[in-house]
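These protein sequences, in sequence, are chains A and B. According to this note's numbering, the first sequence is numbered sequentially starting from -11. According to this note's numbering, the second sequence is numbered sequentially starting from -11. See below for the structure under consideration.
There are 2 protein chains.
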Amino acid sequence: MENPGHDPIYRLLLDGPPRSAREIETHVGLSRVTAGQRIKALARAGLIAEGDSLASGGGRPARTWRINPHHRNLIGIDVGEQMARVTLFSLGLDVLDEALLEIDLRADPARTLEALAACAERLATGDRASAPVAGLGIALPAPIDYRQGRVAKPSVMYGWEELDLRALLRSRLKMPVALDNDVNLMCLAEQRLHWPETRHFVFIKAGTGIGCGMITDGQLLRGAFGTSGDIGHIQHSPEPHRLCRCGKQGCIEAHAAGWALARDLQAQGNDCRDAREVMQLYVRGAPECRALVNASSRIIGTVAADLVAMLNPAALVIGGTLSGAGEAMLAGIRERVYQRCLPLATERLQIGSARGGERLGVQGAAILARAQMGAPS
Amino acid sequence: MENPGHDPIYRLLLDGPPRSAREIETHVGLSRVTAGQRIKALARAGLIAEGDSLASGGGRPARTWRINPHHRNLIGIDVGEQMARVTLFSLGLDVLDEALLEIDLRADPARTLEALAACAERLATGDRASAPVAGLGIALPAPIDYRQGRVAKPSVMYGWEELDLRALLRSRLKMPVALDNDVNLMCLAEQRLHWPETRHFVFIKAGTGIGCGMITDGQLLRGAFGTSGDIGHIQHSPEPHRLCRCGKQGCIEAHAAGWALARDLQAQGNDCRDAREVMQLYVRGAPECRALVNASSRIIGTVAADLVAMLNPAALVIGGTLSGAGEAMLAGIRERVYQRCLPLATERLQIGSARGGERLGVQGAAILARAQMGAPS
DNA sequence: ATACTTTTGTAAATAACTTATCATAAGTGG
DNA sequence: CCACTTATGATAAGTTATTTACAAAAGTAT
């Protein structure tokens, strides 16, 4: 059992729920005898362990198998605009250790990258490290060329496009590295951890900016050049249009994103610089802030309605800082979705707030790294 | 070689381009020796045949293998609002025989279904039938519950939801049957036949109604309940809103679809009842028609821009009757897409008209049936 | 408790696949 | 023509998986 990541049974259990031997057989396409033998081998090697038994259907109940969460660790990194979170996980995604780094995306990328790598190294070898690290995932606030493992250009991360991020980190840290866009990874974590049965899933992140992740048939949808889910600059905002930070007019971000709400609140004399402070004002009950959030939710709702019409997901989940407004944010979205979409698309659609919290990014990064354990790189 | 559909090599070649032995090995994960043996066995059985040789890269050129197009036939059915097309294909999708049926979707579904089945049976056993029929695919103008193999309710096909279409046809015709939405299947055919290298693909059908099909990573995106691609009732049309046939206001269909253009042209005194007649007027150069088509193309362009922003396809293709307007239809779409989407999403995006013609529906149906040959039903 | 169902374990014979090696075929570039 | 490269074919030995058959375990229904 040199590299368990190559074993199809182990891989199946890595990225999915616990399964019975019978399910494993059908999924990996092995006969009952062979599957049973290999399950036993994996169990003897300590890579997998017994899970709960399933309910009996008139016969002996099937027992399930799951990965041994303590066999390896994972590292997730979530790079934000001013801060990066670096988390050491067990394979079962328990948080073992964590560090927050202040970073500046406009500073020298190589230096920032080295700071992240050094931090990951500290966690990997620190007191809380219970096992070798099997892989590292990074969530970045930029479009990602997923196959190349680097930031797609042009992006907001000036200078980062030049770096072969995956290769650099892999040689620096001696472990497999996987990259993806932060919203994609938040979507992945929310779906895998909180909506495991939902195979058609849309996650809208409403924070400083607005973006979305989409899962169809259980697979993250990445698009041809890594820009899928870039819904912040869709142009359907109400008149009068306002200037967006992308230079165009009419983008929904310019009316509904955290930065735009902060801008408007500042113009009204509030001390409010970013999405987080918008939510603070909101919680304190500032009426002008509530009005803005309500308007924002309806604008986001128009795009949500488009997403539902196009993709026909089974669940639509709102995350990001602004989703802290809870039902208020959902109300506008529900209003627009139910108003604008056909009943067939909405009657079985679930709409809700993200159940995951501020760790969704690192969790998604770790899930990605876990899914790629042992994959050819 | 009882059922060749179970052979992974045969299946690979069924739904893909000709491949060299080397490519086949890697795709199906067999060693060179075994793959070679099985390729030879398939060739001896007449299921596959040699294709062209690839260009040499300094050594002996690799020869490719492709399916034997004459080993089996396929039937595709494209059900429209007033007409159904039933086509007998070879496995290589050459047209062997064809029939057009007048139908009425509002009539008794069982009777219509029987007419289709009888027609399929005639073609399957007729003079032009060169081989046994391996499967039948049907394109229907309704949302399809793909896993159940029936029309999802509620739909425009009143009464059809009650029928277990797949089971009925399978037992009636004694062959595997696959169903899908017509736009999905047009999308599939256009991509597989005319854009085989493009794995992220969006197809907009602008005819009597407006809908789209989406392919990501080479897979048709069907959504949770079969309504994906239902973009006709997205609400972004310009003021003043007009009443849509769905009962809402502001749907793009009510401004940009064939039925809406016909309605407007009629109101202006033209004799114009459907999308086809709109195109006839257009070709004759009627100025009021040209103006309407231009406006329509820009409205479709707004939705196209949303699709591009969300899905980041590598190609966006316009089909359906209205795409007969050619560059005029493309112009408005290009205008909106380039105006509204970020450069990263558009700089490598191809926008064009469908290369396939009026047989796209039946071709897609046949491709679907072919892909499912031997699959568990 | 008894009959029934479904899951799991084991062993032996058979079938399939892989690895390794050698030989041959059919191109390219000089 | 010759050296070099890549593709293909054939064979043997060794490994792994499948099939078949029997038995036991652990539940449910009556």
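All residues carry an ideal CB built from backbone N, CA and C; glycine is no exception. Nothing here was measured: the structure is a model prediction, and the numbers come from that model.
Cβ of L348(B) within 8 Å of any chain A Cβ: no
Below 6 Å CB to CB, which residues in the same chain sit around T186(B) once its five sequence neighbours on both sides are set aside? A302 and A303
Mind checking which residues open and close the beta strand (DSSP E) that includes R20(A)? That residue, R20(A), is in no beta strand (DSSP E); its alpha helix (DSSP H) goes R20 to R32.
Please identify the residue among T75(B), D133(B) and R99(B) whose C-alpha is closest to the C-alpha of A117(B). T75(B)
At what residues does the beta strand (DSSP E) containing L167(A) begin and finish? V165 to N169
Best match in L151(A), F189(A), R138(A) and P129(A) for proximity to I306(A) [C-alpha to C-alpha]: F189(A)
According to the neighbour-count rule (16 or more other Cβ atoms, all chains shown, within 10 Å of its Cβ), is S159(B) buried or exposed? Counting of Cβ neighbours within 10 angstroms places S159(B) among the exposed residues, the total staying below 16.
For the ligand ZN, is there any heavy atom lying closer than 7 Å to the beta carbon of N258(B)? Ligands are entirely absent from the displayed structure, and the ligand ZN is therefore not among its contents.
Could you list which residues in chain B have their beta carbon closer than 9 Å to that of L332(A), in chain order? P131, A140, K141, P142, S143, F213, G214, T215 and D218
May I ask which residues mark the beginning and end of the alpha helix (DSSP H) holding W247(A)? G246 to A255
Per-residue contacts from Q223(A) into chain B (C-beta, under 7 Å): The answer, in chain order, is R328.
For the segment 203 to 218 of chain B against the segment 328 to 336 of chain A, are there 3 or more C-beta pairs whose distance is under 8 Å? yes
Give me the chain B residues within the contact set of N135(A), using Cβ-Cβ distance strictly less than 7 Å, ordered along the chain. Asn is not the amino acid found at residue 135(A); the sequence shown has Arg there. What R135(A) touches in chain B: nothing, since even the nearest Cβ is about 11 Å away.
For the segment 21 to 34 of chain A against the segment 83 to 93 of chain A, do three or more pairs of beta-carbon atoms, one drawn from each stretch, fall closer than 8 Å, so that the two count as touching? In this structure the segment 21 to 34 of chain A does not lie against the segment 83 to 93 of chain A, because fewer than three pairs of beta carbons, one per stretch, are closer than 8 Å.
What residues of chain A sit near P301(B), judged by a beta carbon separation below 8 Å? G211 and A212
Go through its chain and collect everything with a Cβ distance to A37(B)'s Cβ below 8 Å, but skip five positions before and after it. A31, W53, R54, I55 and N56
Taking the alpha-carbon of S143(B) as reference, which of Q360(B), D82(B) and A130(B) has the nearest alpha-carbon? With distances taken between Cα atoms, S143(B) lies closest to A130(B).
List the whole-angstrom C-beta distance separating A245(B) from T196(B), where the pair is believed to meet the contact cut-off of C-beta under 8 Å. 6 Å
Quick one: give me the first and last residue of the alpha helix (DSSP H) that A106(A) is part of. P97 to T113
What residues from the segment 274 to 302 of chain A come within 7 Å of chain B, judged by C-beta to C-beta, listed N to C? D294, L295, A297, M298, L299, N300, P301 and A302
Nearest to V139(B) by alpha carbon, out of D115(B), D170(B) and L161(B)? D170(B)
Go ahead and pull the three-state DSSP assignment for M361(A). coil
Can you give me the Cβ contacts of S365(A) inside the same chain, cut-off strictly under 6 Å, excluding the 5 residues immediately before and after it? Residue confidence is low: S365(A) scores 48 on pLDDT, short of 50, so the model does not pin down where it sits. No coordinate-derived value is stated.
Give the range of the alpha helix (DSSP H) segment to which S78(B) is assigned. Careful: S78(B) lies outside any alpha helix (DSSP H), inside the beta strand (DSSP E) at M71 to S78.
Which residues in the same chain have their Cβ closer than 7 Å to the Cβ of H59(B), if we skip the five residues on either side of it in sequence? G34, L35, L79 and A119
Chain-order list of residues whose beta-carbon lies under 8 Å from that of H221(A) (same chain, five-residue window excluded): C232, C234, K236, C239, I240 and E241
Can you tell me whether E346(A) is helix, strand or coil according to DSSP? coil
For F189(A), the residue or residues it bridges with in DSSP: Paired residue(s): I203(A) and A303(A).
Contact list for H15(B) against chain A, beta-carbon separation under 7 Å: None at all; the shortest Cβ gap to chain A is about 14 Å.
Could you tell me the boundaries of the beta strand (DSSP E) in which E86(A) lies? V83 to E90
Whose C-alpha, out of A50(A), C200(A), G24(A) and I(-3)(A), is nearest the C-alpha of S8(A)? A50(A)
Listing by chain order, which chain B residues have their CB less than 8 Å from the CB of T22(A)? Ordered by position in chain B, no residue passes the 8 Å Cβ test against T22(A), which lies about 16 Å from the chain.
Do you know how far the Cα of I203(B) is from the Cα of A177(B)? 11 Å
Helix, strand or coil for V266(A), going by three-state DSSP, please let me know. Helix, per DSSP.
So that I know if they touch, is there some Cβ in chain A lying closer than 8 Å to that of C234(B)? yes
So if I threshold CB-CB distances at 7 Å, which residues from the segment 167 to 196 of chain B count as touching chain A? H188
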